[in-house]
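Protein sequences appear in the order of chains A and B.
Remember, this note's numbering sits 47 above the position in the first sequence when you count from 1.
Remember, this note's numbering sits 47 above the position in the second sequence when you count from 1.
From the three backbone atoms N, C-alpha and C, an ideal C-beta is built for every residue, glycine too.
Number of protein chains: 2
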Amino acid sequence: MKELPPLPKSELEIARIVWRLQEATVREIVEELANDREADFWTVQTYLRRLANKGYLKVRKEGRTNIYAPAVDLEGVISQVFEETVERLFDGKMLPAFQQLVNSRDLTESDIDELQTLLNGLKAERKRKRGKSK
Amino acid sequence: MKELPPLPKSELEIARIVWRLQEATVREIVEELANDREADFWTVQTYLRRLANKGYLKVRKEGRTNIYAPAVDLEGVISQVFEETVERLFDGKMLPAFQQLVNSRDLTESDIDELQTLLNGLKAERKRKRGKSK
DNA sequence: CCTTTTAACGTACATTTGAACGTAATCTAT
DNA sequence: ATAGATTACGTTCAAATGTACGTTAAAAGG
Numbered sequence: 048m049k050e051l052p053p054l055p056k057s058e059l060e061i062a063r064i065v066w067r068l069q070e071a072t073v074r075e076i077v078e079e080l081a082n083d084r085e086a087d088f089w090t091v092q093t094y095l096r097r098l099a100n101k102g103y104l105k106v107r108k109e110g111r112t113n114i115y116a117p118a119v120d121l122e123g124v125i126s127q128v129f130e131e132t133v134e135r136l137f138d139g140k141m142l143p144a145f146q147q148l149v150n151s152r153d154l155t156e157s158d159i160d161e162l163q164t165l166l167n168g169l170k171a172e173r174k175r176k177r178g179k180s181k
Numbered sequence: 048m049k050e051l052p053p054l055p056k057s058e059l060e061i062a063r064i065v066w067r068l069q070e071a072t073v074r075e076i077v078e079e080l081a082n083d084r085e086a087d088f089w090t091v092q093t094y095l096r097r098l099a100n101k102g103y104l105k106v107r108k109e110g111r112t113n114i115y116a117p118a119v120d121l122e123g124v125i126s127q128v129f130e131e132t133v134e135r136l137f138d139g140k141m142l143p144a145f146q147q148l149v150n151s152r153d154l155t156e157s158d159i160d161e162l163q164t165l166l167n168g169l170k171a172e173r174k175r176k177r178g179k180s181k
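Structural data, given as C-alpha cells:
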C-alpha cells in the first residue's frame, strides 16, 4: 500500500469507526463516539475532511449529507502504524516487542495455549512452503 | 510509574540514546545521531531540555557542560508508549497485535521455537504461582 | 412557499512537535 | 590576558495536531 500521510491519534480513532461501520455520516460517528467521549460535530467533521484529503477515506454525497467510507484497507494502515512503533521502540525486533506484549498482561494458560496454537500453525505453514520450494 | 507527559517521536529517539549511553552530553548524542541522520547541536539540545523538563531525564553540570541521565526506567516508558499503541490499534487486545507482529515478518522455524520457549516459560511460571497460592 | 433545522466548506485558534538561532558565559589554546 | 571555540538558556518559527466556529446551502416541517 502506498504510504499515506501521517495519521495522528484522533484521526485514527475516527477512521477506525468508519472502518467498523463501513460507511458513515458525521452524525453517526458523533453518536458512536458519545459512548466514549464528548466530541463536537464540528470537530469530527474536520477530522473526516482531513482523512478524506489524506486519502484514507472517500466521500459521496446523499442530498446535502456526506457519506464517508474507507478508501484504503484497514489492515494495511494498522500494519504501517504498528510497525513504525515497533521500529521506534524496539528497532524493529520482534522478540522484545513480544515480551512487552505478554509480560504486561495477566495471561491465563488458555491465552498462552492460543498463542502457541497460532505459532504451531505458522510453523506448519513454513514447512509447507519450504516443502513446495524444494 | 507515574504517567509523564507525551513523548513525541524525536524526543523518544533522543531519550533512547541517553538510556543506551546511561549518561551523555549534547555533543555525544549529536555524534551518536550522526550515524543515522543529520541533527543540529541546537536541535538536540532543545529536545534534551524538553525531556528534562518533562521528567524523563535529569541534569547535572560539569564545568559548563550539562550531563543528561535517565530519570525514569526505560522499561516503564517503553511499556507505556507501546501499550497506548496496542490500545489504540487493537483496543488493547493481545491476539491481533501478536498476529500483526508475526505475520509481518519472515519468521524462521528457530524464531518460532524461540517464541514457543518463551511461552512455555511463562506457562510454567503461571503454574508455579498457582501452586503457591493454593 | 416560508421558516427552521442541520450539514458542509472554509476558516480560525491554541497547543504540540520538529527544528533552529542569538547572546552570554565558560572553557581551551595561544 | 586575550582570542577563539563551544555550550546553555531563552527564545523563535513553521508545521502538525486538537478543537471548534460562521456563513451558506440544502433538506424537512408547517
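- Runs of alpha helix (DSSP H) wholly within the segment 106-161 of chain B (minimum 4 residues, chain order): 121-137 and 141-150
- Name the chain B residues that come within less than 9 Å of A/Glu108, Cβ to Cβ? For the purposes of this step, residue 108 of chain A is taken as the residue at position 61 of the first sequence. Residue identity check: residue 108 of chain A is Lys in the sequence provided, not Glu. Under a criterion of Cβ atoms nearer than 9 Å, no residue of chain B is adjacent to A/Lys108; the nearest Cβ is some 30 Å distant.
- Message: In whole angstroms, give me the CA-to-CA distance for B/Pro55 and B/Ile64.
- Response: As a working mapping, residue 55 of chain B is identified with position 8 in the second sequence. As a working mapping, residue 64 of chain B is identified with position 17 in the second sequence. Taking the CA atoms as reference points, B/Pro55 sits about 15 Å from B/Ile64.
- Task: Whole angstroms is fine: what's the gap from A/Phe145's alpha carbon to A/Thr72's?
- Result: In the first sequence, the residue the question calls residue 145 of chain A occupies position 98. In the first sequence, the residue the question calls residue 72 of chain A occupies position 25. Roughly 38 Å between the two C-alpha positions.
- Run down chain A in chain order and give the residues with a C-beta less than 9 Å from the C-beta of B/Leu142. Translated into positions along the second sequence, residue 142 of chain B becomes position 95. Here the neighbours are Asp158, Glu161, Leu162 and Leu165.
- Item | Whole-Å CB distance - A/Tyr103 paired with A/Val119, under 8 Å assumed | On the first sequence, residue 103 of chain A is found 56 positions in, with the first residue counted as 1. On the first sequence, residue 119 of chain A is found 72 positions in, with the first residue counted as 1. The Cβ separation is near 6 Å, so the contact holds.
- Query: Exposed or buried, A/Gln147, counting other C-beta atoms within 10 Å across all chains shown (16 or more means buried)?
  - Reply: In the first sequence, residue 147 of chain A corresponds to position 100, counting from 1. Flag for A/Gln147 reads buried.
- Can you tell me where the alpha helix (DSSP H) with B/Lys266 in it begins and where it stops? Nothing can be reported for residue 266 of chain B: it is not among the residues displayed for chain B, which extend from 48 to 181.
- Message: Please report the distance separating the alpha-carbon of B/Arg111 from that of B/Asp160.
- Response: Against the second sequence, residue 111 of chain B aligns to sequence position 64. Against the second sequence, residue 160 of chain B aligns to sequence position 113. Near 52 Å, if we compare the C-alpha coordinates of B/Asp160 and B/Arg111.
- What distance in whole Å lies between the Cβ atoms of A/Val124 and A/Tyr115, which are believed to be in contact at a cut-off of 8 Å? If you number the first sequence from 1, residue 115 of chain A lands on position 68. If you number the first sequence from 1, residue 124 of chain A lands on position 77. Wrong, their Cβ atoms sit about 15 Å apart, outside the cutoff.
- N-terminal and C-terminal residue of the alpha helix (DSSP H) that A/Arg97 is part of: As a position in the first sequence, residue 97 of chain A is number 50, starting the count at 1. It spans Phe88 to Lys101 - the alpha helix (DSSP H) in which A/Arg97 sits, taken as one unbroken run.
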